[in-house]
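Asks: Please read through the structure below; I'll follow up with questions.
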Amino acid sequence: LKSCNKICYLKQNEKDVRVNDNNPLLLILWCANMDLQYIAERSLSFTEYVTGYVTKAE
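So this is what it looks like as structure tokens:
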């Protein structure tokens with residue numbers, strides 16, 4: 013993750029390389045697959061990301 017001048021690396025075990033980024037609490041509450049991604053840009057990038065995601069074909 014990159015924000016301003018800081019970079020944050022999410023730790024991942026070698027056996028988990030094919031697992032999407034997730035939040036354990038949200039997995040329990042949502043009970044569904046998720047792929048969390050950090051969005052560093054302001055609202056326009058966020059809007060484009062969400063719009064593209066919810067309108068993609070399955």
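With our numbering as the guide, the letters of the sequence shown map in order to residues 13 to 70.
We put the CB at the ideal spot given by N, CA and C, even for glycine.
Every value quoted in this text rests on a predicted model; they were computed, and no experiment measured them.
Taking Cβ positions, are Asn1 and Leu48 nearer each other than 9 angstroms?
Replies: Any answer about residue 1 is impossible in this case: the structure gives the chain only from 13 up to 70.
Asks: DSSP on Val31, reduced to helix/strand/coil?
Replies: Mapped onto the sequence shown, residue 31 falls at position 19. Coil, per DSSP.
Asks: Using only the alpha-carbon positions, how far apart do Ile40 and Phe58 sit?
Replies: To locate residue 40, count along the sequence shown from 1; it is residue 28. To locate residue 58, count along the sequence shown from 1; it is residue 46. Rounded to the nearest angstrom, the two C-alpha atoms are 25 angstroms apart.
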